[in-house]
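Position in the first sequence counted from 1, then plus 121, gives you our numbering. Just so it is clear, CB atoms sit at the ideal spot from N, CA and C, and this is done for glycine as well. If you're wondering where the values come from, they're calculated on a predicted model, not measured in any experiment. Structure first, commentary second.
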Amino acid sequence: MHPVSFVVDASDGTARAGIATTSRGTYRTPCFMPVGTRGAIKYLSATDYERLGIEIVLGNTYHLMLRPGADVVARLGGLGPFSGWRGLTLTDSGGFQVFSLSPTVDDDGVTFKSTYDGSMHRLTPEGAVATQELLGADIQMALDVCPPLPSEPDVLRLAVERTAGWAVRARAAHHRTDQSLFGIVQGGTDTALRAESARRTTELEFDGYAIGGLSVGESRDEMIPALAAALEQLPPDRPRYLMGVGDPAGLVEAVGLGVDQFDCVMQTRLGRHGTALTSAGKMQVKAVRNAESDEPIDVTCPCEVCERHSRGYLRHLFQVGEPTASRLLSVHNLAWTLHLMARMRVAIAQGAFGCLRSEVLSVWG
RNA sequence: GUGGGCGUAGCUCAGUUGGUUAGAGCAUCAGGUUGUGGCCCUGAAGGCCGCGGGUUCAAUUCCCGUCGCUCACC
Numbered sequence: 122m123h124p125v126s127f128v129v130d131a132s133d134g135t136a137r138a139g140i141a142t143t144s145r146g147t148y149r150t151p152c153f154m155p156v157g158t159r160g161a162i163k164y165l166s167a168t169d170y171e172r173l174g175i176e177i178v179l180g181n182t183y184h185l186m187l188r189p190g191a192d193v194v195a196r197l198g199g200l201g202p203f204s205g206w207r208g209l210t211l212t213d214s215g216g217f218q219v220f221s222l223s224p225t226v227d228d229d230g231v232t233f234k235s236t237y238d239g240s241m242h243r244l245t246p247e248g249a250v251a252t253q254e255l256l257g258a259d260i261q262m263a264l265d266v267c268p269p270l271p272s273e274p275d276v277l278r279l280a281v282e283r284t285a286g287w288a289v290r291a292r293a294a295h296h297r298t299d300q301s302l303f304g305i306v307q308g309g310t311d312t313a314l315r316a317e318s319a320r321r322t323t324e325l326e327f328d329g330y331a332i333g334g335l336s337v338g339e340s341r342d343e344m345i346p347a348l349a350a351a352l353e354q355l356p357p358d359r360p361r362y363l364m365g366v367g368d369p370a371g372l373v374e375a376v377g378l379g380v381d382q383f384d385c386v387m388q389t390r391l392g393r394h395g396t397a398l399t400s401a402g403k404m405q406v407k408a409v410r411n412a413e414s415d416e417p418i419d420v421t422c423p424c425e426v427c428e429r430h431s432r433g434y435l436r437h438l439f440q441v442g443e444p445t446a447s448r449l450l451s452v453h454n455l456a457w458t459l460h461l462m463a464r465m466r467v468a469i470a471q472g473a474f475g476c477l478r479s480e481v482l483s484v485w486g
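Right, dumping it as structure tokens:
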């Protein structure tokens, strides 16, 4: 019995909609998971998560093990209770920091220099599992090697080999039965390598499967075939998670290929710095043309920010550096994306996904 | 009133021993941002160098006048 059960309720071509059930609750797919790296979605509170209808939030092992420490989080009840969040949680393993922080990587693990105080820290596949068991999220991720793109073939091959070897060790080290463990597929933009990595990961019978190492420098035209090659090898009865992708075009393309869940920092990062996602594309809220606008950010958006606040007000807040500006636009961008996911679920159920996909790509493609 | 200092981009200021299209930071505007190091990167626009006159081949620069701001003294 897998800690995560997954039921596909509807499909439209290769796109699918369903419900994943963990020991503590469910999430509907296709699902967008906002990123709360250090135990908080930046500028938001747990009550905000609830109002937004968020079902699962991502936290980061690397950051939480350094501050406040996984043992502290464990003593305070685990990531969910620690952060006052009653919904579901997933912890990333630290594999992405292999990409973003360029630590020393060897066959046995990764050595990081802390970005907080310069101290040295070691993360192995077993250590990542143990740390994530302490953090206590509903889903934990196996430690992987995420190389940048483009990378030389030997670099991609080595990343796949290490990720595969670490997956075996993570699987063996994982003991908590109330917590799921997802394996991660690597392979860059090489379709054959992607397929191989997916097959080798699948053999280990993880609770779910992630596709990592994409949206790290390649174009969407390079990403799609690599993604498709991996997805073809994955079992249909397990959740499929495309890591780090959250641009609207990427979301609809990936859902169309059969991806079930996503995380992305884009929504909150863009929001913090003044860019809104709208049905007409990206909007620079700070632009002078918004100075005297009484319009909402997006007339089609049902969120509390669009219901209440004008572009002129939001622009003003950004102009004077009020933190509320970042908060409100983060709320909007998350609500807008969650609404898009909900529309995709409905469209799949109605057999109209192709129509929605075309509509989104006409703006965001 | 007398004497000194300062007037250069929206703001704060460099610069010029007189010599190509006068610079920076911030701000503005336009892009970028994808398992977050509380950001960062790229580009653009923007100047009668206070105003008037003089000297000079050439003045933002030197001289005279004038206006404004400022400090000190009376």
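Three Cβ pairs or more, each shorter than 8 Å: is that satisfied between the region 252-259 and the region 210-223? yes
Based on the DSSP output, what are the partners of T236 in its beta bridges? Translated into the one-based positions of the first sequence, residue 236 becomes position 115. For T236, which the question treats as bridged, DSSP gives no partner whatsoever.
Just confirm the distance between the C-beta atoms of V306 and A351, as a whole number of angstroms; I'd bet it's less than 8 Å. Counting from one through the first sequence, the residue named residue 306 turns up at place 185. Counting from one through the first sequence, the residue named residue 351 turns up at place 230. With a Cβ gap of about 5 Å, V306 and A351 count as contacting.
Candidates P202, L450, Y362 and S479, of which the one nearest G525 by Cα: Here the chain comprises residues numbered 122 to 486, so residue 525 is not present and cannot be evaluated.
Spatial distance of G146 from G208 (CA atoms): Looking up residue 146 in the first sequence gives position 25. Looking up residue 208 in the first sequence gives position 87. Cα to Cα, the separation comes out at about 8 Å.
Would you kindly work out how many angstroms separate the C-alpha atoms of E125 and D328, rounded to a whole number? As a first step, residue 125 must be located in the first sequence, where it is residue number 4. As a first step, residue 328 must be located in the first sequence, where it is residue number 207. Checking the sequence shown, residue 125 turns out to be Val, not Glu. The alpha-carbon atoms of V125 and D328 are separated by roughly 6 Å.
Compute the distance between the beta-carbons of N411 and R390, then report whether it is under 8 Å. Counting from one through the first sequence, the residue named residue 411 turns up at place 290. Counting from one through the first sequence, the residue named residue 390 turns up at place 269. Contact: no.
Can you list, in chain order, the residues of its chain whose CB lies under 6 Å from that of V426, leaving out five sequence neighbours each side? Counting from 1 along the first sequence, the entry for residue 426 is found at position 305. So the list reads L449, V452 and H453, once near-sequence residues are dropped.
Considering just the uninterrupted stretch of the beta strand (DSSP E) at V128, what are its terminal residues? Counting from one through the first sequence, the residue named residue 128 turns up at place 7. Start and end: S126 to D133.
Under the assumption that L302 contacts L185 (Cβ atoms under 8 Å), give the Cβ distance between them as a whole number of angstroms. In the first sequence, the residue the question calls residue 302 occupies position 181. In the first sequence, the residue the question calls residue 185 occupies position 64. Contact flag wrong, Cβ pair sits at about 17 Å.
If I'm right that L372 touches A349 with Cβ under 8 Å, what's the distance once you round it to whole angstroms? Taking the first residue of the first sequence as 1, we reach residue 372 at position 251. Taking the first residue of the first sequence as 1, we reach residue 349 at position 228. The Cβ separation is near 15 Å, so there is no contact.
Where do the ends of the alpha helix (DSSP H) carrying L179 lie? Taking the first sequence and counting its residues from 1, the one referred to as residue 179 is at position 58. Where L179 is concerned, there is no enclosing alpha helix (DSSP H), although the beta strand (DSSP E) it sits in stretches over I177 to N181.
Is T396 helix, strand or coil when you go by DSSP? Within the first sequence, the letter at position 275 stands for residue 396. T396 falls in the strand class under three-state DSSP.
Is it right to say A397 is buried, meaning 16 or more other beta carbons lie within 10 angstroms of its own, or is it exposed? Residue 397 sits at position 276 when you count from the first residue of the first sequence. The residue is buried, with at least 16 neighbouring Cβ atoms inside 10 Å.
Whole angstroms are fine: how far does the CA of A401 sit from the CA of C152? In the first sequence, counting from the first residue as 1, residue 152 sits at position 31. In the first sequence, counting from the first residue as 1, residue 401 sits at position 280. Between C152 and A401, the C-alpha separation is close to 22 Å.
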